[in-house]
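One line per chain: the protein sequences are A and B, in this order.
Every number in my numbering is 99 more than the matching position in the first sequence, counting from 1.
Every number in my numbering is 2 more than the matching position in the second sequence, counting from 1.
To start, the structure under review is shown below, and the notes come after it.
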Amino acid sequence: MRGRDEGRRRPLPVWLLGLIGLAGFVAILELVPRAGLVDERFLPPFSDMLSALAAQAGTAEFWQALLETLRGWAIGLSVAMAAGVVLGILIGGIPLLRAAMTSTIEFLRPIPSVALIPLAVLLFGTDMRSTLLLVVYAAFWQVLVQVLYGVRDVDPVARETARSYRFSPLTQVRTVIWPTALPYVMTGFRLGAAVALILEITGELIIGSPGLGRQIAVAQTSGAVASMYALVIVVGLVGVVVNVIARAGERRSLRWHPSIRTEVP
Amino acid sequence: MRDPGRGLRILLLPALPVLLVATWWLTTADSTNFFWPPLEQILRTFGETWFTGRFTADVLPSLARLLVGYLVAVALGVGLGTEIGSWRTLRALVEPVLEFFRAIPAPVLVPILMLFAGIGNEMKVLVIVSGCVWPVLLNTVEGVRALDEVLRDTARCYRLRPRSRLVHLVLRGASPQIAAGARQALSIGIILMVISEMFAASNGVGFTIIQFQRSFAIPQMWTGIIMLGLIGVVLSVIFRAVESRALSWYTGLRMSQRTKG
Numbered sequence: 100m101r102g103r104d105e106g107r108r109r110p111l112p113v114w115l116l117g118l119i120g121l122a123g124f125v126a127i128l129e130l131v132p133r134a135g136l137v138d139e140r141f142l143p144p145f146s147d148m149l150s151a152l153a154a155q156a157g158t159a160e161f162w163q164a165l166l167e168t169l170r171g172w173a174i175g176l177s178v179a180m181a182a183g184v185v186l187g188i189l190i191g192g193i194p195l196l197r198a199a200m201t202s203t204i205e206f207l208r209p210i211p212s213v214a215l216i217p218l219a220v221l222l223f224g225t226d227m228r229s230t231l232l233l234v235v236y237a238a239f240w241q242v243l244v245q246v247l248y249g250v251r252d253v254d255p256v257a258r259e260t261a262r263s264y265r266f267s268p269l270t271q272v273r274t275v276i277w278p279t280a281l282p283y284v285m286t287g288f289r290l291g292a293a294v295a296l297i298l299e300i301t302g303e304l305i306i307g308s309p310g311l312g313r314q315i316a317v318a319q320t321s322g323a324v325a326s327m328y329a330l331v332i333v334v335g336l337v338g339v340v341v342n343v344i345a346r347a348g349e350r351r352s353l354r355w356h357p358s359i360r361t362e363v364p
Numbered sequence: 003m004r005d006p007g008r009g010l011r012i013l014l015l016p017a018l019p020v021l022l023v024a025t026w027w028l029t030t031a032d033s034t035n036f037f038w039p040p041l042e043q044i045l046r047t048f049g050e051t052w053f054t055g056r057f058t059a060d061v062l063p064s065l066a067r068l069l070v071g072y073l074v075a076v077a078l079g080v081g082l083g084t085e086i087g088s089w090r091t092l093r094a095l096v097e098p099v100l101e102f103f104r105a106i107p108a109p110v111l112v113p114i115l116m117l118f119a120g121i122g123n124e125m126k127v128l129v130i131v132s133g134c135v136w137p138v139l140l141n142t143v144e145g146v147r148a149l150d151e152v153l154r155d156t157a158r159c160y161r162l163r164p165r166s167r168l169v170h171l172v173l174r175g176a177s178p179q180i181a182a183g184a185r186q187a188l189s190i191g192i193i194l195m196v197i198s199e200m201f202a203a204s205n206g207v208g209f210t211i212i213q214f215q216r217s218f219a220i221p222q223m224w225t226g227i228i229m230l231g232l233i234g235v236v237l238s239v240i241f242r243a244v245e246s247r248a249l250s251w252y253t254g255l256r257m258s259q260r261t262k263g
């Protein structure tokens, strides 16, 4: 297939094509409602969304909501990371514990975190904590499972060597287990970061805890369609930034790692 | 740090779950706390809550919407992904837009799609499709792009017809990636199934649970949480069974490569 593209003329650089694609998408968003193909009440033209966004950006409420969302996401993700890494190394490092935990983990993991929404509401009301519960629960499993994979991947020879040199358990973790598990930890971080954002927004949308999700729900119920789209675009951009940061962090902390190319599927 | 023996492992497998359930049972046995009713009471209400009409009235419609939405999303994702993955220019053109769509947390699509499709079944299926399609699509693109160069050339040398080339080379080569995307999509699909019903619905599991919570029917609410958990677990077991069947050639290949190296 590649042969068909190449050879005839120099292809345009990838970033330029990407820009053209984005511009085309924006143009469609602008033209389709203007041409009356879709009702403007449902899909306002892109320029309307932009002006709604500009109006939003002028209010303190918007920045407050953005801050709340980012804060909830960061706290939830940090808690999930810390718990996932510590428990993962502990469970993965002790075979007896691992054998005992496997079935429980396999059972608890697929339980959808949204099942906890009613419980969270009863316990914490529309407080930020109820969303935090969802975020931590959802992101924790992503991290834990990756760390467990990572610990299992430790070279048995290296582990035995460390043991015959009588490394203390802490040194073993630091010098043998951690370097092997780090790529998996970073994968867990990347997956967890995306899931945490999804649940953060979900919690705000459904439970009504403060943040961008609640602003979207408010805009929807008050019929401010253009603002709603503007907020969705902002949430999407936050998602893009989160992805980019997670991926950059992964690449940065694994620059030294020989197996960076064999990422876990 | 020796691995525990096989017998011990089989013994340990149910040990912790039994222990956890027992702890829950005992600590709540004579609980008078309104929010944490005794587990015994929850289990007693489970049967009468879900199996006296609710199963067909709420659970099955939810599952049907999930199934339809999920299958449409997988088909759409694989179809578009194969095309986009095979054409370099097309891929470069649409990739930033796709990345943006993937980054939008799917639940915010619920209020948007409500505008277009009301609050009926169409909206819910549409929400599930539009949330599930991105992981499948992007993973398919990755999988198609990373096809083995030698296999690709071999297929060209043997002049495989486009159809068999698609089935035997492209789809099969990309299938591990597609499966990874489909697995992500499944958990997103379950979330969206519940959320679209919590947001606006007249039936479904998510709707019922929220009704219980709002009317402070606490034991019933707990049975709902358990029900959702069971749905999640059963679906993931089914998925894994299908995946291991479809990818048995791949796991075999990986195993042989690993033992060789």
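For glycine and all other residues, C-beta sits at the position ideal for the given N, C-alpha and C.
Checking contacts by CB at 8 Å: is residue i closer than that to chain B?
i	result
valine 235 of chain A	no
glutamine 319 of chain A	yes
valine 339 of chain A	yes
glycine 106 of chain A	Below a pLDDT of 50, predicted positions are generally treated as unreliable, and glycine 106 of chain A, at 48, falls in that range; no measurement from the model is reported.
methionine 285 of chain A	no
alanine 198 of chain A	yes
serine 308 of chain A	no
serine 267 of chain A	no
glycine 120 of chain A	yes
glycine 348 of chain A	no
proline 364 of chain A	Its pLDDT being 45, under 50, proline 364 of chain A is placed unreliably by the model, and the measurement read from it follows with that caveat. Interface residue, yes.
Can you list the residues of chain A that residue i reaches, using a CB-CB cut of under 9 Å?
i	result
arginine 56 of chain B	By Cβ distance, chain A contributes nothing, its closest Cβ being about 16 Å from arginine 56 of chain B, past 9 Å.
leucine 22 of chain B	Thr203
Put residue i into one of helix, strand or coil per three-state DSSP.
i	result
isoleucine 121 of chain B	coil
glycine 206 of chain B	coil
leucine 28 of chain B	helix
tryptophan 240 of chain A	helix
valine 137 of chain A	coil
alanine 226 of chain B	Sequence inspection shows glycine at residue 226 of chain B; the alanine mentioned does not correspond to that position. In this structure, glycine 226 of chain B counts as helix in the three-state DSSP scheme.
leucine 111 of chain A	coil
glycine 144 of chain A	Here the sequence assigns proline to residue 144 of chain A, which means glycine is not the residue at that position. In this structure, proline 144 of chain A counts as coil in the three-state DSSP scheme.
alanine 219 of chain B	coil
threonine 361 of chain A	With a pLDDT of 48 at threonine 361 of chain A, under the threshold of 50, the predicted position of this residue should be treated as unreliable, and no value is reported.
arginine 56 of chain B	helix
threonine 260 of chain A	helix
glycine 106 of chain A	In this prediction, glycine 106 of chain A scores a pLDDT of 48, lower than 50, which makes its location untrustworthy; the coordinate-derived value is nonetheless stated afterwards. In this structure, glycine 106 of chain A counts as coil in the three-state DSSP scheme.
proline 40 of chain B	coil
tryptophan 172 of chain A	helix
valine 110 of chain B	helix
isoleucine 276 of chain A	helix
methionine 100 of chain A	Any reading at methionine 100 of chain A must be qualified, since the residue scores a pLDDT of 45, below 50, and its modelled position is unreliable; the value itself is stated next. Correct three-state label for methionine 100 of chain A: coil.
leucine 116 of chain A	helix
serine 250 of chain B	helix
phenylalanine 266 of chain A	coil
tyrosine 160 of chain B	coil
isoleucine 130 of chain B	helix
isoleucine 204 of chain A	helix
aspartate 252 of chain A	coil
proline 211 of chain A	coil
arginine 350 of chain A	helix
leucine 232 of chain B	helix
isoleucine 12 of chain B	helix
Step through the CB atoms of chain A and report whether any lies within less than 8 Å of the CB of residue i.
i	result
valine 235 of chain B	yes
alanine 243 of chain B	no
glutamate 124 of chain B	no
serine 189 of chain B	yes
arginine 11 of chain B	yes
glutamate 85 of chain B	no
valine 169 of chain B	no
serine 258 of chain B	no
isoleucine 193 of chain B	yes
leucine 153 of chain B	no
Starting from residue i, find everything on chain A with Cβ-Cβ shorter than 7 Å and list it in chain order.
i	result
glycine 231 of chain B	Ile210, Ala214
phenylalanine 118 of chain B	Phe141
proline 98 of chain B	Gly117, Gly120, Leu121
Chain B partners of residue i, CB-CB under 8 Å?
i	result
proline 217 of chain A	Ile211, Ile212, Phe214, Gln215, Met223, Gly226, Ile227
leucine 304 of chain A	Pro109, Val110, Val112, Pro113, Ile197, Phe201
alanine 316 of chain A	Pro113
Using a Cβ cut-off of 7 Å, pull out every chain B residue sitting near residue i, in sequence order please.
i	result
valine 220 of chain A	Gln215
phenylalanine 206 of chain A	Pro19, Val235
leucine 165 of chain A	Those within 7 Å of leucine 165 of chain A in chain B number zero; the least Cβ separation is about 14 Å.
For a contact defined as C-beta to C-beta under 8 Å, what are the partners of residue i on chain A?
i	result
glutamate 101 of chain B	Val339, Asn342
alanine 157 of chain B	Within 8 Å Cβ-Cβ: nothing; alanine 157 of chain B doesn't reach chain A, min ~11 Å.
Establish whether the CB of residue i and some CB of chain C are separated by less than 8 Å.
i	result
phenylalanine 223 of chain A	The question asks about chain C, but that chain is absent: this structure's protein chains are A and B.
Chain-ordered residues of the segment 133–148 of chain A with a beta carbon less than 7 Å from chain B: Phe141
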